[in-house]
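For reference, the structure discussed in these notes is given below.
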Amino acid sequence: MQVSIIGTGYVGLVSGVCFAEKGHQVFCVDVDQSKVDQINQGVSPFYEPGLNELLERNIHTRLKATTDFRQAILDTDLSLIAVGTPFDGKEVDLTYVKQVAQQIGEALKDKSTYHLVVVKSTVVPGTTDQVVLPILEAASGKKAGVDFGVGMNPEFLTEGEAIDDFMYPDRIVLGGIDEQSIDMLDALYTGFENVDRLRTNNSTAEMIKYTSNSLLALLISFSNEVGNLCSAIGNTDIVEVMKGVHNSRYLTTVLPNGERVVPPITSFLAAGCGFGGSCLPKDVKALIAHGEKYQSLMPLLDAVIQVNQSQPQQVIARLNKHFPSLDGVKIAILGLSFRPNTNDMRETPAIPLIKALKAQNASLKAYDPVANSEAAKLIRPEEAELCNSLKEVLENVDAIVLVTRWDEFKAVPELIAQFDPQPVFVDGRRMLDKNSIQRYEGIGL
Ligand SMILES: NC(=O)c1ccc[n+]([C@@H]2O[C@H](COP(=O)([O-])OP(=O)(O)OC[C@H]3O[C@@H](n4cnc5c(N)ncnc54)[C@H](O)[C@@H]3O)[C@@H](O)[C@H]2O)c1
Ligand SMILES: O=c1ccn([C@@H]2O[C@H](COP(=O)(O)OP(=O)(O)O[C@H]3O[C@H](CO)[C@@H](O)[C@H](O)[C@H]3O)[C@@H](O)[C@H]2O)c(=O)[nH]1
Numbered sequence: 001m002q003v004s005i006i007g008t009g010y011v012g013l014v015s016g017v018c019f020a021e022k023g024h025q026v027f028c029v030d031v032d033q034s035k036v037d038q039i040n041q042g043v044s045p046f047y048e049p050g051l052n053e054l055l056e057r058n059i060h061t062r063l064k065a066t067t068d069f070r071q072a073i074l075d076t077d078l079s080l081i082a083v084g085t086p087f088d089g090k091e092v093d094l095t096y097v098k099q100v101a102q103q104i105g106e107a108l109k110d111k112s113t114y115h116l117v118v119v120k121s122t123v124v125p126g127t128t129d130q131v132v133l134p135i136l137e138a139a140s141g142k143k144a145g146v147d148f149g150v151g152m153n154p155e156f157l158t159e160g161e162a163i164d165d166f167m168y169p170d171r172i173v174l175g176g177i178d179e180q181s182i183d184m185l186d187a188l189y190t191g192f193e194n195v196d197r198l199r200t201n202n203s204t205a206e207m208i209k210y211t212s213n214s215l216l217a218l219l220i221s222f223s224n225e226v227g228n229l230c231s232a233i234g235n236t237d238i239v240e241v242m243k244g245v246h247n248s249r250y251l252t253t254v255l256p257n258g259e260r261v262v263p264p265i266t267s268f269l270a271a272g273c274g275f276g277g278s279c280l281p282k283d284v285k286a287l288i289a290h291g292e293k294y295q296s297l298m299p300l301l302d303a304v305i306q307v308n309q310s311q312p313q314q315v316i317a318r319l320n321k322h323f324p325s326l327d328g329v330k331i332a333i334l335g336l337s338f339r340p341n342t343n344d345m346r347e348t349p350a351i352p353l354i355k356a357l358k359a360q361n362a363s364l365k366a367y368d369p370v371a372n373s374e375a376a377k378l379i380r381p382e383e384a385e386l387c388n389s390l391k392e393v394l395e396n397v398d399a400i401v402l403v404t405r406w407d408e409f410k411a412v413p414e415l416i417a418q419f420d421p422q423p424v425f426v427d428g429r430r431m432l433d434k435n436s437i438q439r440y441e442g443i444g445l
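The sequence shown begins at 1 in my numbering and counts up one residue at a time.
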């Protein structure tokens, strides 16, 4: 199939290389010329494990990046919209989605064959049918369901694991205005085997995406709330509590041989210094705001955000056990990206934590295995000194705070074993063994 993908961010570019790998002819379209040039040189504009290899293999054979929007639409049968949908403080910002719909519509005016337009961006229920479809009809002068189809295909990839998530999805949601749209969208996923496909309407497809992310966020905040109580009680460990909870038959699958498998969703029961990223915070807030429009309040999701916003304070409370005043206390921050294996700093809990520590006059150093240069755009040198290695950041500090679960940090117990005195270690992710470090403190402990 000839496919155009609009937006070459995490979703657009990963979808592009993966569909090319599956044999489709893909045009990746972006307004950002520098991104387009970089992609055409076979280099990803952002860090994502495995992406460069797939890009190099497919560029200029089955994949091409371009800024020529019109030509990309005319030369393809199906377009995926994968531009950003940020939260603007009040509601989901559909500016980019609307712009793209307008441009696709204008190109469709000159097209004589059937074309399918699919929204892959995360958009609130109703957007594809009530916002995108009317723009396409008005700009093209054509009729949806007759001259072109309209679909919605939410994306579930996780940054840092995006290629595997895309190639081996746990579900494929195929939304559409009619059978023809859904059939064509289904055909795009030929070659994706052994995966549940859910055929539905666009509004339901949109709601599936928000509900999935809201559930994940809810699980995290639930774990954090219980973890905070564990800390307050003392001698009660959230990690062991959640191990016990996982063993419930409702959260595990029992295989015919009796083996118990913990489904991935239960990994979202890990308490920590809070969820960040470009999806969970903005999607939960957008759904709450969308509910308000229908006078359908979501107090449970309001609380999910509230708990999340207070999690950095839990780290500070652990530090305060040892340092009643943080004035002049030298602290190393381990990890700046919102999760491991990415350099994405969007909504990372590291930023509110650094601001809060700085407000108390702590003296900060920080290190991230890949996100240092992205972090330098957000963190001023007077807020925290960015270090180039784990060894360097650990030198001469009173305390260490682990924010991101990078594998490299497993070396910390050994690296600090000989330090005298031992720094206080606050595990913001409960990543390390609590018995492996002398002055260990952790969320939910
Ligand atoms: N990042 C994720 O892990 C993830 C996962 C699932 C779903 N989503 C959703 O997918 C969507 C895209 O997210 P992302 O993280 O890939 O975004 P991103 O910000 O990384 O990329 C968006 C891209 O769109 C381009 N763009 C903006 N306007 C354009 C236009 N008019 N024409 C062409 N290109 C244009 C930008 O230059 C940018 O390269 C969002 O709705 C997001 O919620 C993201
Ligand atoms: O038990 C957990 C699991 C995650 N997190 C934090 O939650 C945030 C989000 O992590 P994760 O969900 O792994 O990464 P994302 O790339 O944001 O992926 C989420 O958002 C994507 C975009 O919508 C969806 O496609 C994915 O299914 C969904 O997991 C990170 O800050 C994690 O540290 C926790 O605090 N505890």
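Here a beta-carbon is modelled for each residue, glycine too, at the ideal position from N, C-alpha and C.
Bridge partners - residue i, DSSP secondary structure assignment
i: Arg171; result: Asp196
i: Cys28; result: Ile5, Ala65
i: Ile333; result: Ala366, Val401
i: Glu159; result: In DSSP, Glu159 forms no bridge with anything.
i: Arg260; result: Val254
i: Gly442; result: Asp427
i: Leu216; result: Per DSSP, none; premise fails for Leu216.
i: Leu386; result: Ala366
i: Gly176; result: Gly151
Candidates the options: closest to residue i by CA position
i: Leu78; options: Phe27, Ser248, Val284; result: Phe27
i: Ser181; options: Ala375, Phe192, Arg199, Asp170; result: Arg199
i: Glu179; options: Gln311, Gly145, Phe166, Cys279; result: Gly145
i: Arg260; options: Pro413, Thr158, Tyr250; result: Tyr250
i: Gln314; options: Ile59, Leu402, Gly428, Gln360; result: Gly428
i: Gly160; options: Pro154, Ala399, Pro299, Ser278; result: Ser278
i: Gly191; options: His24, Ser373, Asp30; result: His24
i: Ala332; options: Asp368, Glu53, Leu216, Arg197; result: Asp368
i: Ile443; options: Arg430, Ser112, Ala376; result: Arg430
i: Leu378; options: Leu394, Thr66, Asn396, Lys355; result: Lys355
i: Val287; options: Tyr210, Gln309, Phe222; result: The sequence shown places Leu at residue 287, not Val. Checking every option, the nearest Cα to that of Leu287 belongs to Tyr210.
i: Leu357; options: Ile172, Ile316, Glu392; result: Ile316
i: Tyr294; options: Leu94, Asp68, Pro125, Leu55; result: Pro125
i: Ala270; options: Gln103, Leu432, Glu374; result: Leu432
i: Pro49; options: Val17, Val31, Asp32, Gln41; result: Val17
i: Ser389; options: Val397, Ala366, Val403; result: Ala366
i: Gln422; options: Phe222, Ser337, Arg439; result: Arg439
i: Asn228; options: Gly276, Thr252, His290, Val307; result: Val307
i: Gly89; options: Ala289, Ala417, Glu441, Pro413; result: Ala289
i: Phe166; options: Ala417, Leu13, Gln418; result: Leu13
i: Leu280; options: Val329, Pro263, Ser214; result: Ser214
i: Val31; options: Gly7, Gln41, Ser44, Val11; result: Gly7
i: Ile104; options: Thr127, Val262, Leu133, Asp237; result: Leu133
i: Thr76; options: Thr61, Pro45, Lys111, Glu137; result: Lys111
i: Pro413; options: Glu392, Asn396, Asn435; result: Asn435
i: Gly149; options: Ile163, Asp183, Thr127; result: Asp183
i: Thr266; options: Glu137, Glu53, Ser44, Lys243; result: Lys243
C-beta contact flag for residue i and residue j at 8 Å
i: Leu129; j: Ser203; result: In the sequence on display, residue 129 carries Asp and not Leu. In this structure, Ser203 lies closer than 8 Å to Asp129 by Cβ.
i: Ile305; j: Lys285; result: yes
i: Val3; j: Leu185; result: no
i: Tyr47; j: Thr342; result: yes
i: Pro381; j: Pro352; result: no
i: Ala399; j: Leu319; result: yes
i: Val401; j: Leu334; result: yes
i: Ile59; j: Ala101; result: no
i: Val123; j: Val92; result: yes
i: Cys55; j: Ile39; result: The sequence shown places Leu at residue 55, not Cys. A contact, by the Cβ cut-off of 8 Å.
i: Leu386; j: Asn372; result: yes
i: His246; j: Thr252; result: yes
i: Ala303; j: Met345; result: no
i: Asp407; j: Gln360; result: no
i: Lys234; j: Asn201; result: The sequence given here has Gly at residue 234, not Lys. The answer is no: Cβ separation not under 8 Å.
Nearest-angstrom Cβ-Cβ length linking residue i and residue j, presumed shorter than 8 Å
i: Ser140; j: Lys109; result: 5 Å
i: Ala82; j: Gly9; result: 7 Å
i: Leu273; j: Pro340; result: According to the sequence provided, residue 273 is Cys. The question's Leu does not apply to it. 14 Å between Cβ atoms; not a contact.
i: Leu219; j: Phe156; result: Wrong, their Cβ atoms sit about 16 Å apart, outside the cutoff.
i: Leu80; j: Val118; result: 5 Å
i: Val29; j: Ala72; result: 5 Å
i: Ala20; j: Leu74; result: The pair is not a contact, with the Cβ atoms about 19 Å apart (cut-off 8 Å).
i: Thr67; j: Gln33; result: 6 Å
i: Phe419; j: Ile437; result: Not confirmed; about 10 Å, so no contact.
>> Report the start-end ranges of each alpha helix (DSSP H) in the stretch 79-157 that is 4 residues or longer and not cut off at the edges.
In response: 95-108, 133-140
> What are the complete alpha helix (DSSP H) segments, minimum 4 residues, inside the stretch 40-78?
Replying inline: 51-58, 69-74
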